[in-house]
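**Student:**
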Amino acid sequence: MRTTLPVAVAFLSGLIMVVGFFMNPEKTFFGNVEEEVLQWVTIVGGFTLLLGVVSIVRVNSRVVSQKRKDWIYNLATLISVFAMAIPAIMPISSDSNFGSIFYSIFPESWSFLFGTGTYSIYDWLFNYMDSPMMATMFAMLAFYIASAAYRAFRARNAEATLLLLTAVLVMLWRIPMGEAFLRIFSDSLPGYINTYVMSGVNVAVQRGIIIGAALGAASMSLRILLGIERTYMGKG
Amino acid sequence: MTFFGHFEIWLSAFLVLSLFSFLYKDNPFYKMAEHIFAGLSAGYYVGLIWQAVIIQQLVNPMFDQGHWWLVFPGILGALMFARFFSKWSWISRISLAFVIGNTAGVFLISQLHGFVLPQVVSTMISLNPAQGFAATLSALVIVIGVISTLIYFYFSKEHTGILGGTAKVGIWFIMISFGAHFGYTVMGRISLLIGQVQFLLFDWGGSIKQIF
Numbered sequence: 056m057r058t059t060l061p062v063a064v065a066f067l068s069g070l071i072m073v074v075g076f077f078m079n080p081e082k083t084f085f086g087n088v089e090e091e092v093l094q095w096v097t098i099v100g101g102f103t104l105l106l107g108v109v110s111i112v113r114v115n116s117r118v119v120s121q122k123r124k125d126w127i128y129n130l131a132t133l134i135s136v137f138a139m140a141i142p143a144i145m146p147i148s149s150d151s152n153f154g155s156i157f158y159s160i161f162p163e164s165w166s167f168l169f170g171t172g173t174y175s176i177y178d179w180l181f182n183y184m185d186s187p188m189m190a191t192m193f194a195m196l197a198f199y200i201a202s203a204a205y206r207a208f209r210a211r212n213a214e215a216t217l218l219l220l221t222a223v224l225v226m227l228w229r230i231p232m233g234e235a236f237l238r239i240f241s242d243s244l245p246g247y248i249n250t251y252v253m254s255g256v257n258v259a260v261q262r263g264i265i266i267g268a269a270l271g272a273a274s275m276s277l278r279i280l281l282g283i284e285r286t287y288m289g290k291g
Numbered sequence: 004m005t006f007f008g009h010f011e012i013w014l015s016a017f018l019v020l021s022l023f024s025f026l027y028k029d030n031p032f033y034k035m036a037e038h039i040f041a042g043l044s045a046g047y048y049v050g051l052i053w054q055a056v057i058i059q060q061l062v063n064p065m066f067d068q069g070h071w072w073l074v075f076p077g078i079l080g081a082l083m084f085a086r087f088f089s090k091w092s093w094i095s096r097i098s099l100a101f102v103i104g105n106t107a108g109v110f111l112i113s114q115l116h117g118f119v120l121p122q123v124v125s126t127m128i129s130l131n132p133a134q135g136f137a138a139t140l141s142a143l144v145i146v147i148g149v150i151s152t153l154i155y156f157y158f159s160k161e162h163t164g165i166l167g168g169t170a171k172v173g174i175w176f177i178m179i180s181f182g183a184h185f186g187y188t189v190m191g192r193i194s195l196l197i198g199q200v201q202f203l204l205f206d207w208g209g210s211i212k213q214i215f
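Top to bottom, those sequences are chains U and E.
Take 56 as the starting number for the first sequence in my numbering and just add one per residue.
Take 4 as the starting number for the second sequence in my numbering and just add one per residue.
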């Protein structure tokens, strides 16, 4: 029961998608079911993401309640989650039952602060806190990439030299000053990099990787549908 | 600029500098900013899912349009939370299996129909020298690159003889592509860094100038 039922559910929900692909959604039952199931999966998938957030809250609140080492940082995480999430899930009008109760407590002129629209608390926190930090996190990678490059880009053998040369050429090609430098050697060099490296070798390799990965993903999907692959269920 | 405008810029600048401080070494400012970032990102997804999925796809169709059958995915979703109760955690497998099975069904078709076939079709290009040297060379690069890359990732037979030689060509192609990707990624990160430095120099710097 604990294993067979999930395997049967996985098989049936996958089968609907496979069969539904070949059916007209407007004229056939299966096609119609496929559309409906896609909406169902979006809803259940939404809950899985919420599950992740609940898990974060549980883990952090446990640390805070037990006052473990550096619990103040976990408290900051908890406050941030609630500061962002609570205003976002509040009703933006008094039309619904919950909305009428909510706006009997708070003035309705405050409604612009709630939800996820422009000028909401959610929007403000995203624009002035979350978004700059996200950009900084990725920007910081520039330093770590540079340090990784220093270690990796040593021309120890032919392959490493090829990697080094291509990376340097592409980095030069991407900036006006570098492009001007490349033109010293040949006016056609930037064009060659574009044609033969980016649109040639790079496209070919990406294509090979995509074909291989897609075949792998398709075979893994088949294993899941047939119940051979069950690791997603965990232990027990 | 208003007081609130200055506050917004100073808050962003403080968080940006706190994160950059990690480049020196780990410190309480970085840790605090990092935890706030993790919390805000989790909260961001709550807002996004609540509005785009729970309200728009579940609550509104169920109560406004009478789509009562959406109660079933609602129950399946709620069953996910059984994971937190060790005795009933196996029930969450049903919801998980529904999502995984469905995704597998979509993938089975989409990967073959959307990736494998179009990429194979795009690789079947003319190698006729009559189309000109440059076009033939480009076509050759694509065909040889795709075949040799695929052979490099084919591990069912030992890479010796012709297979080994082709796999070696595959490594060269892969190295060039990874180098190009690396260069591209570095430039992308550098442009983000420039953006953040510009924010600190012009927005925050401008605010400092106005205040002092």
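Cβ coordinates follow ideal geometry from the N, Cα and C atoms, glycine included.
Are any of the Cβ atoms in chain E nearer than 7 Å to that of U/Tyr177?
**Tutor:** It does; some Cβ of chain E falls within 7 Å.
**Student:** Kindly indicate if chain E contains any beta-carbon less than 7 Å away from that of U/Asn249.
**Tutor:** no
**Student:** In whole angstroms, give me the CA-to-CA distance for E/Trp130 and E/Trp71.
**Tutor:** Just to set this straight, residue 130 of chain E is Leu in the shown sequence, not Trp. Cα-Cα distance, rounded: 59 Å.
**Student:** How about E/Leu18 and U/Met192: do their beta carbons lie closer than 7 Å?
**Tutor:** no
**Student:** Of all the CB atoms in chain E, is at least one closer than 7 Å to the CB of U/Pro187?
**Tutor:** yes
**Student:** For the putative contact between E/Ile145 and U/Val258, defined by C-beta atoms under 8 Å, what is the C-beta separation to the nearest angstrom?
**Tutor:** 6 Å
**Student:** Using the three-state DSSP reduction, which class does U/Phe66 fall into: helix, strand or coil?
**Tutor:** Collapsing the DSSP output to three states places U/Phe66 in a helix.
**Student:** Residues of chain U with a CB under 8 Å from the CB of E/Lys34: which are they?
**Tutor:** Asp125, Tyr128
**Student:** Which residue's Cα is closest to the Cα of U/Leu220: E/Gly182, E/Ser44, E/Val189?
**Tutor:** E/Gly182
**Student:** Does chain U have any CB closer than 7 Å to the CB of E/Leu61?
**Tutor:** So, interface residue.
**Student:** Ends of the alpha helix (DSSP H) at U/Asn257?
**Tutor:** 257-280
**Student:** Counting only Cβ pairs nearer than 8 Å, list the residues of chain E close to U/Asn257.
**Tutor:** Ile179, Ser180, Ala183, His184
**Student:** State the CB to CB distance for the pair E/Tyr155 and E/Ile174, rounded to an integer number of angstroms; the pair is presumed to be in contact (CB under 8 Å).
**Tutor:** 6 Å
**Student:** Give me the chain U residues within the contact set of E/Ser210, using Cβ-Cβ distance strictly less than 8 Å, ordered along the chain.
**Tutor:** Under the 8 Å cutoff, chain U gives no residues; its nearest Cβ is about 13 Å from E/Ser210.
**Student:** Say whether chain U places a C-beta atom closer than 7 Å to the C-beta of E/Ala85.
**Tutor:** So no, E/Ala85 is outside the interface.
**Student:** For a contact defined as C-beta to C-beta under 7 Å, what are the partners of E/Ser159 on chain U?
**Tutor:** Residues of chain U passing the Cβ test: none, with the nearest at roughly 13 Å.
**Student:** Is the number of C-beta pairs between the region 23-39 of chain E and the region 207-217 of chain U that are closer than 8 Å three or more?
**Tutor:** no
**Student:** U/Leu60 to E/Thr188, Cα distance in whole Å?
**Tutor:** 45 Å
**Student:** Mind checking whether U/Trp95 and E/Pro76 have CB atoms under 7 Å apart?
**Tutor:** yes
**Student:** Just verifying my parser: in three-state terms, what is the DSSP assignment at E/Ile12?
**Tutor:** helix
**Student:** Any beta carbon from chain U within less than 7 Å of E/Pro76's own beta carbon?
**Tutor:** yes
**Student:** DSSP on U/Ile40, reduced to helix/strand/coil?
**Tutor:** Because chain U here runs from 56 to 291, residue 40 of chain U falls outside it and cannot be looked at.
**Student:** Kindly indicate which residue of E/Phe205, E/Ile179, E/Ser194 has the alpha-carbon position closest to the one of U/Ile248.
**Tutor:** E/Ile179
**Student:** Helix, strand or coil for E/Phe158? Go by DSSP, reduced to three states.
**Tutor:** coil
**Student:** For U/Gly233 and E/Ile147, I'd like the C-alpha separation in whole angstroms.
**Tutor:** 30 Å
**Student:** Assuming U/Val272 and E/Phe110 are in contact, meaning their beta carbons sit under 8 Å apart, how far apart are those beta carbons, in whole angstroms?
**Tutor:** According to the sequence shown, residue 272 of chain U is Ala rather than Val. Indeed, because the Cβ distance is near 5 Å, the residues count as touching under 8 Å.
**Student:** Return the CA-CA distance between E/Lys171 and U/Ala215, expressed in angstroms with no decimal places.
**Tutor:** 13 Å
**Student:** Which chain U residues sit within Cβ distance under 8 Å of E/His38?
**Tutor:** Tyr128, Asn129, Ala131, Thr132, Ser135
**Student:** If you count every other CB in all the chains shown that lies within 10 Å of the CB of U/Met56, and 16 or more means buried, which is it?
**Tutor:** exposed
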